[in-house]
Amino acid sequence: SVAKAVSAIAGVTIAEGVTGPYDVIMRAESTSMEDLGRTVLAKVQGVPGITRTLTCPVTTF
């Protein structure tokens with residue numbers, strides 16, 4: 014499944030199939046936004062079955 018493929022990517026802490034407007038919701042961690050985009054998201058967007066992504070950075074902890 015797409016969620017299983019995404020969860021195998023380094024930096025992804027969880028990926029689960031969901032119902033509603035999205036098929037998969039994932040959480041990823043990175044040392045910087047640049048690293049997040051360059052490595053994690055680039056790999057996620059390359060997973061077969063993914064046609065688009067929406068990134069919502071967490072700004073408070």
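The sequence shown begins at 14 in this note's numbering and counts up by one. The beta carbon of each residue, even a glycine, is placed where N, CA and C say it ideally should be.
Using only alpha-carbon positions, find the residue among the options that is nearest to residue i.
i, options, result
"G30", "G62, T73 and T72", "G62"
"T32", "I22, T64 and A16", "A16"
"P70", "E42, V37 and D36", "E42"
"M24", "G59, D36 and L49", "The question names Met, but residue 24 is Gly in the sequence shown. The shortest Cα separation from G24 among G59, D36 and L49 belongs to L49."
"M46", "Y35, T68, V37 and I38", "T68"
Residue range of the beta strand (DSSP E) that residue i falls in?
i, result
"V25", "V25 to G30"
"V37", "V37 to A41"
Can you list, in chain order, the residues of its chain with a C-beta nearer than 6 Å to that of residue i? Leave out the 5 residues immediately preceding and following it.
i, result
"I27", "R40"
Could you spell out the range, first to last residue, of the alpha helix (DSSP H) harbouring residue i?
i, result
"A16", "V15 to S20"
"V57", "A55 to Q58"
CB-CB under 7 Å to residue i, same chain, minus the five flanking residues each way: which ones, in chain order?
i, result
"I22", "V53, K56 and V57"
Less than 8 Å between C-beta atoms, sequence neighbours within five positions excluded: which residues of the same chain meet that for residue i?
i, result
"T66", "L54, V57 and Q58"
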